[in-house]
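Keeping their order, the protein sequence lines are chains S and D. Under our numbering, the residues of the first sequence are numbered 5 to 163, in order. Under our numbering, the residues of the second sequence are numbered 5 to 163, in order. Written below as structure tokens is the structure these notes are about.
Protein chains: 2
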Amino acid sequence: MQNYENNLSSGIEKYILELFDDRDENDEENFISLRRKDLAEMFGCVPSQINYVLRSRFSPERGYLIESRRGEYGYIKILRISFDGTEEKKEHINDIVGDEISVRNACRLLEFLRERDFITDRERLLIEIALKNQYSSSNEDIAALLKKMLNVLINPEDK
Amino acid sequence: MQNYENNLSSGIEKYILELFDDRDENDEENFISLRRKDLAEMFGCVPSQINYVLRSRFSPERGYLIESRRGEYGYIKILRISFDGTEEKKEHINDIVGDEISVRNACRLLEFLRERDFITDRERLLIEIALKNQYSSSNEDIAALLKKMLNVLINPEDK
DNA sequence: ATTTTAAAAGTCAAAATTAATCAAAAATTT
DNA sequence: AAATTTTTGATTAATTTTGACTTTTAAAAT
């Protein structure tokens, strides 16, 4: 119907992701750096807009870490953390699910895991049905079930 | 049976299904997106009516996933993961599972379905976890959940 | 060596905009 | 008549944009 992701923040997000793509071909470094001021100017926006994009799209739970410096020669460095090992993946997932999570946030997480190809759409469907099926759907119960289901998918012997 | 002809919700449902039809001819994307506000205006109803339609007709159990954002550039994205299976197919599944089933027999059935490549190993594991997780795991509840999950996965597209 | 200055980036909150939730009322079906 | 589904609207929550104010940094000036 509409092009719903044509907003400023998503544009900046895409640009940053492109920077990562360009970088990947050349060498192994999994970070990029930029100047907040320049990026803001390029997109014709206020500098704090960049902070918003970083906070909302390049957060640790999405697999990114930010390093920066102010003043002259200031910069922002965005690191993409990789989850190669099974244990790393498990830890990361258990961390971001935590001890309790709302159904809404669980669905958001599933959306993200699908984007990263951790799970398929069919698997996502099954997990959502299971989460919504729970009668006593306290956020603790939701987190427990979600972690069970995700952990079983990450097990290497299943692949 | 209910009157599917003359109510608002069914009209909105049909409109959304038409959006999918239009989309299918053009390209491969299995989703459509819309603005809740616009759709409500188009049908001359309150916006929360749209949520009702989504909840009652485009649920995960029926093979749909919803993604949405609020605020400026907000949207609702509806993904169709599986087409609704034929009635025969669904009846077949419902016959096999029955009104009640033990977890043990459910697992046997899942193994059978896996051997026939109706489901993957990962999907089998997810369903088993969901079944075993139910607190009040009466055989009726197990059958109900199992049917929900299988109905969504087993459809004519698969074979 | 210390202070000043200019150039970054960070923080925070308001405003605008949009969707979600929830429960009561109304309509329909059983 | 009871149960279920649909409709409605008031309230709440989330997202994005913007800008005023703060903090940090390193070079330049003293």
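Idealized CB from N, CA, C, for every residue including glycine.
Inspect the beta-carbon positions of leucine 130 (chain S) and methionine 153 (chain D) and report whether they are closer than 8 Å. The Cβ atoms of leucine 130 (chain S) and methionine 153 (chain D) lie closer than 8 Å to each other.
Check: Quick one: is valine 101 (chain S) buried, meaning 16 or more other Cβ sit within 10 Å of its Cβ, or exposed?
Finding: buried
Chain S contacts from the region 97-131 of chain D (Cβ-Cβ distance under 9 Å): Per Cβ criterion, the list reads Ile123, Thr124, Asp125, Arg126, Glu127, Leu129, Leu130, Ile131.
- Query: Listing by chain order, which chain D residues have their CB less than 9 Å from the CB of methionine 165 (chain S)?
  - Reply: This structure gives no information on residue 165 (chain S), because the portion of chain S shown stretches from 5 to 163.
### Task
Flag proline 64 (chain D) as yes if its beta-carbon sits less than 8 Å from any beta-carbon of chain S, otherwise no.
yes
I'd like to know if valine 50 (chain S) contacts chain D, where contact means its C-beta is closer than 8 Å to some C-beta of that chain.
So no, valine 50 (chain S) is outside the interface.
Exercise. With a cut-off of 8 Å, do at least 3 Cβ pairs link the region 118-134 of chain S to the region 82-96 of chain D?
Worked result: Because the criterion of three Cβ pairs below 8 Å is met, the region 118-134 of chain S and the region 82-96 of chain D touch.
query = Does DSSP put glutamate 65 (chain D) in a helix, in a strand, or in coil?
reply = helix
query: Buried or exposed: valine 50 (chain D), going by 16 or more other Cβ atoms within 10 Å of its Cβ?
result: With fewer than 16 other Cβ atoms within 10 Å, it is exposed.
Checklist entry - Is the region 10-23 of chain D close to the region 46-66 of chain D, with three or more CB pairs under 8 Å? => result Contact between the region 10-23 of chain D and the region 46-66 of chain D is established, with three or more Cβ pairs separated by less than 8 Å.
What are the start and end residues of each continuous beta strand (DSSP E) run of 3 or more residues lying completely inside the region 71-111 of chain S, in chain order? 79-84
- Of the residues D:Arg27, D:Arg39, D:Glu45, D:Phe24, which one's Cα is nearest the Cα of leucine 12 (chain D)? Selection D:Arg27, D:Arg39, D:Glu45, D:Phe24 evaluated against leucine 12 (chain D) yields D:Glu45 as nearest (Cα-Cα).
- Task: Using DSSP bridges, identify the partner residues of leucine 38 (chain D).
- Result: D:Ile80
query = Would lysine 136 (chain S) count as contacting chain D if we go by Cβ distances under 8 Å?
reply = Output row for lysine 136 (chain S): interface = yes.
Out of S:Tyr56, S:Phe35, S:Ile158, which one is the CA nearest neighbour of aspartate 121 (chain S)? S:Ile158
Spatial distance of isoleucine 80 (chain D) from tyrosine 56 (chain D) (CA atoms): When only Cα atoms are considered, isoleucine 80 (chain D) and tyrosine 56 (chain D) end up about 13 Å apart.
message = Can you pull the chain D neighbours of isoleucine 133 (chain S), defined as C-beta to C-beta under 9 Å?
response = Ser63, Pro64, Glu65, Ala134, Leu149, Lys152, Met153, Val156
**Asked** Which residues in the same chain have their Cβ closer than 8 Å to the Cβ of glutamine 138 (chain S), if we skip the five residues on either side of it in sequence?
**Response** Taken in chain order, the residues that qualify are Asp145, Ile146, Leu149.
Practice item. With DSSP as the reference, label arginine 59 (chain S) as helix, strand or coil. Key: helix
**Q.** Which of helix, strand or coil DSSP assigns to serine 13 (chain D)
**A.** The answer is helix: DSSP assigns serine 13 (chain D) an H, G or I state.
Review point. Under a CB-based cut-off of 8 Å, is asparagine 143 (chain S) close to chain D?
Key: no
_Exposure of leucine 69 (chain S), with buried meaning 16 or more beta-carbon neighbours within 10 Å_ = Leucine 69 (chain S) is exposed by the Cβ-count criterion.
* **DSSP-derived helix/strand/coil call for arginine 120 (chain S)** => coil
- Message: Rounded to the nearest angstrom, what separates leucine 38 (chain D) and glutamate 71 (chain D) at their Cα positions?
- Response: 11 Å
inquiry  = As a quick exercise: from D:Arg27, D:Glu92, D:Asp42, D:Gly48, pick the residue whose alpha carbon is nearest that of tyrosine 77 (chain D).
reply    = Among D:Arg27, D:Glu92, D:Asp42, D:Gly48, the Cα nearest to that of tyrosine 77 (chain D) belongs to D:Asp42.
Isoleucine 105 (chain S) and asparagine 156 (chain D) - do their beta-carbons sit closer together than 8 Å?
Reading off the sequence, residue 156 (chain D) comes out as valine, not asparagine. No, the pair does not count as a contact, with Cβ atoms beyond the cut-off.
Check: Nearest chain D C-beta to asparagine 55 (chain S) closer than 8 Å, yes or no?
Finding: no
**Prompt:** Any idea what DSSP makes of phenylalanine 24 (chain S), helix, strand or coil?
**Reply:** helix
Check: Which class does asparagine 143 (chain S) belong to by DSSP, given the choice of helix, strand or coil?
Finding: helix
Do isoleucine 54 (chain S) and arginine 40 (chain S) have their beta-carbon atoms positioned less than 8 Å apart in this structure?
yes
ask   = If you run the structure through DSSP and keep just helix, strand and coil, what is asparagine 159 (chain S)?
value = The DSSP-derived three-state label of asparagine 159 (chain S) is coil.
Next on the checklist: Could you check whether isoleucine 82 (chain S) and phenylalanine 47 (chain S) sit closer than 8 Å to each other, using their CB atoms as the reference points?
Outcome noted: no
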